[in-house]
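First up is the structure itself, then whatever we jot down about it.
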Amino acid sequence: MTSETTTIREVLAAHGRLSADAHDIAEDADLYALGLASHATVNVVMALEDELDIEIPDELLVKSTFASIGDIRRALATVDS
Amino acid sequence: MTRAERERDLRDRLIHAGHLIPLPTRGLATFTSDVEAVVRGVDGLVRTMEPVAGVVEIGVPPFLPEVEFVRTGYLRSFPHLLGSVDVFTGSPRDHRALMADVEAGNPWTERLSPAHLDLLSAPCHSAYPLHQGQSLHTPRVYDIHSRCWRHEPSDDPMRLMSFRMREKVLIGSAEQASAHRESGLGHGPRLLSDLGLPVSRVVANDPFFGRMARLMAEGQRDDELKFEFICDVYGGDDGGVALGSANYHQDHFGGDFDITGPDGGPAHSACIGFGLERIALALFAVHGMDTGRWPTAVRDGLRLGP
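Read top to bottom, the protein sequences are chains A and B.
The first sequence begins at 8 in this note's numbering and counts up one residue at a time.
The second sequence begins at 183 in this note's numbering and counts up one residue at a time.
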């Protein structure tokens, strides 16, 4: 779980174009308020899929999935299972 | 009647009136004098719509060099709509083989080569490459008319694969681009309602491709980046057709083309665009097939003459 959260933070730092350092923000910080745009979200999705070797199902490819680091982690947990 | 039936009914009435000559390929149409006169009238109204001062009108080819096309991001978001150009670059011997295939009824397009040109999908895409790598200290506003291409074959006369658009695009700061879009949200619908078209302004999204489509559409709608000027052409609950739109791209194109805005950050852009055939055909749908019987104010606005 911890390593997955680290991956999420690294992917957000590399692709999220956030106004804050993704390594330092709170789990429940609003990523959209931090500037996560649609194109960047798409890049985040593709990077997460590559890094974690998963395919995120279509029904999870909605904005609410990527609202915070915690939301992403919880969504990915359902993919892993 | 279903929406599809109403679309075919309008198409049949346009054909019967001699305004539209159907072509064997779905989504392509030839128009005759009355429609062309209305298209010219509408085009003139868009050209003289605010803003006008300081606006540079440019004439552009109906395609983009491949490198610039890829930079626009169109391939990433709308691969299903694109079209590209093939050319013949072979020897006389290759030409003989090509003609032999044609005459035998064999596939022959494999003998062509990509020209690395992609058909223009929106006039504003021609503006950003003009400033690639530049720093803009003042905003630039362009007025661009072009034939556009979107590969979406349909029997709806309002949804053509090859059609004309006129757009006004601003490249500048976030505030300047927002103000340009805001101005278009006022002037755009007014231009259409002055022609007697029942128009409403609604938040919309582009037809994104593939599994990321919902994510992209949600983002575009939540941020209210796209408004369409919808005209009730076909009636009923689903009768609306977008005749134009006002779009705020944020720094999407400024980033893609490495353009710096007046505030030192990536340039922002916004465009106000109109589909000329769509507006013309909406006028025929609303006012009838005989332009001679259209309201005088509408005829005068379009400069259709006495």
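For each residue, glycine too, the CB sits at the ideal point set by N, CA and C.
Residue i versus the options, residue with shortest Cα-Cα distance
i                      : options                    : result
residue 347 of chain B : B:302, B:196, B:384, B:320 : B:302
residue 329 of chain B : B:431, B:268, B:225, B:361 : B:225
residue 109 of chain A : A:81, A:63, A:16           : Lying outside 8 to 88, the shown extent of chain A, residue 109 of chain A is not represented and no answer is given.
residue 199 of chain B : B:254, B:474, B:460, B:313 : B:474
residue 40 of chain A  : A:54, A:74, A:82, A:86     : A:74
residue 234 of chain B : B:366, B:311, B:471, B:299 : B:366
residue 315 of chain B : B:217, B:357, B:449        : B:449
residue 430 of chain B : B:422, B:213, B:409, B:318 : B:409
residue 209 of chain B : B:357, B:423, B:343        : B:343
residue 25 of chain A  : A:60, A:10, A:46, A:12     : A:46
residue 465 of chain B : B:205, B:283, B:378, B:271 : B:378
residue 250 of chain B : B:364, B:418, B:312        : B:312
residue 405 of chain B : B:419, B:432, B:338        : B:432
Chain A residues whose Cβ lies nearer than 7 angstroms to that of residue i
i                      : result
residue 393 of chain B : 65, 68
Listed by chain order, chain A residues near residue i by CB distance under 8 angstroms
i                      : result
residue 436 of chain B : Going along chain A, no residue has its Cβ under 8 angstroms from residue 436 of chain B, so there is no contact; the nearest lies around 13 angstroms.
residue 440 of chain B : Going along chain A, no residue has its Cβ under 8 angstroms from residue 440 of chain B, so there is no contact; the nearest lies around 15 angstroms.
residue 445 of chain B : Chain A residues near residue 445 of chain B: none, gap ~16 angstroms exceeds 8 angstroms.
Contact list for residue i against chain B, beta-carbon separation under 8 angstroms
i                     : result
residue 26 of chain A : Those do not exist, as residue 26 of chain A stays about 12 angstroms from chain B at its closest Cβ, beyond 8 angstroms.
residue 75 of chain A : Ordered by position in chain B, no residue passes the 8 angstroms Cβ test against residue 75 of chain A, which lies about 16 angstroms from the chain.
residue 52 of chain A : 394, 397
Proximity below 8 angstroms, CB of residue i to CB of residue j
i                      : j                      : result
residue 439 of chain B : residue 427 of chain B : no
residue 305 of chain B : residue 326 of chain B : yes
residue 242 of chain B : residue 308 of chain B : yes
residue 72 of chain A  : residue 78 of chain A  : yes
residue 331 of chain B : residue 392 of chain B : no
residue 381 of chain B : residue 375 of chain B : yes
residue 471 of chain B : residue 195 of chain B : yes
residue 202 of chain B : residue 193 of chain B : yes
residue 353 of chain B : residue 321 of chain B : yes
residue 246 of chain B : residue 333 of chain B : no
residue 67 of chain A  : residue 82 of chain A  : yes
residue 257 of chain B : residue 270 of chain B : no
residue 185 of chain B : residue 340 of chain B : no
Amino acids of chain A, ordered along the chain, whose beta-carbon sits closer than 9 angstroms to that of residue i
i                      : result
residue 315 of chain B : Per Cβ cutoff of 9 angstroms: no residues; residue 315 of chain B is ~20 angstroms from chain A at best.
Nearest-angstrom Cβ-Cβ length linking residue i and residue j, presumed shorter than 8 angstroms
i                      : j                      : result
residue 425 of chain B : residue 457 of chain B : 6 angstroms
residue 453 of chain B : residue 351 of chain B : 4 angstroms
residue 86 of chain A  : residue 54 of chain A  : The Cβ separation is near 15 angstroms, so there is no contact.
residue 443 of chain B : residue 318 of chain B : 6 angstroms
residue 324 of chain B : residue 238 of chain B : 5 angstroms
residue 69 of chain A  : residue 394 of chain B : Actually they do not touch by this definition, with Cβ atoms about 10 angstroms apart.
Chain E within 8 angstroms of residue i, Cβ atoms only
i                      : result
residue 401 of chain B : No chain E appears in this structure, whose protein chains are A and B.
Proximal residues of chain B, C-beta to C-beta of residue i below 9 angstroms
i                     : result
residue 86 of chain A : Those within 9 angstroms of residue 86 of chain A in chain B number zero; the least Cβ separation is about 14 angstroms.
residue 13 of chain A : Within chain B, no residue comes near residue 13 of chain A; the closest Cβ sits about 24 angstroms away, beyond 9 angstroms.
Beta-carbon neighbours of residue i, restricted to chain B and to distances below 7 angstroms
i                     : result
residue 40 of chain A : Under the 7 angstroms cutoff, chain B gives no residues; its nearest Cβ is about 12 angstroms from residue 40 of chain A.
### Query
Of all the beta strand (DSSP E) runs that stay within the bounds of the stretch 214-262 of chain B, which reach a length of 3 or more residues?
237-241, 245-247
### Message
What ranges does the alpha helix (DSSP H) occupy inside the stretch 407-437 of chain B, keeping only unbroken runs of at least 4 residues that lie completely in it?
### Response
none
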